[in-house]
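In this note's numbering, the protein residues as written are 5 to 97. Beta carbons are placed, not taken as given, at the ideal position from N, Cα and C, and that holds for glycine. What you are looking at is a predicted structure, and each value in this text was computed from that prediction instead of being measured. Here's the structure, in structure tokens; my notes come after.
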Amino acid sequence: ERSYIPEDQRHTNKNSQVASCYSETIPAPTGKEDAQQKSDMELLRFSLVLIQSWLTPVQYLSKVFTNNLVFGTSDRVYEKLKDLEEGIQALMR
């Protein structure tokens, strides 16, 4: 943490709700049998909500981290998540 986040932002980030992802509260299939009982649309909807729950925290990482390696990686992850979001939305139409 010390090498990536500037001192003045470190304590602020710990109290920030924006930096957190709450994907554990998204109702998801709990196993193979449960997933097989869901419709394709339900699985797509779950996948979309899960991906969307990560968009803001990953984008936030790009703003917080000063290390170029982490910054570039979080940007690439964000772009991949956006691509997945668009792909799933297209499948849901």
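For residue i, three-class secondary structure by DSSP
i, result
"S43", "coil"
"A32", "coil"
"R97", "coil"
Classification of residue i by the beta-carbon crowding that lies within 10 angstroms, buried from 16 upward
i, result
"S43", "exposed"
"I92", "buried"
"D87", "exposed"
Sequence-distant residues of the same chain with beta carbon closer than 6 Å to residue i, five excluded per side
i, result
"L52", "I92"
Residue j beta carbon less than 7 Å from that of residue i
i, j, result
"L59", "S78", "no"
"L48", "L95", "yes"
"V81", "V62", "yes"
"A39", "F50", "no"
Close-in-space but distant-in-sequence residues of the same chain around residue i (CB under 8 Å, 5 per side omitted)
i, result
"I55", "L85, L88, E89 and I92"
"M45", "M96"
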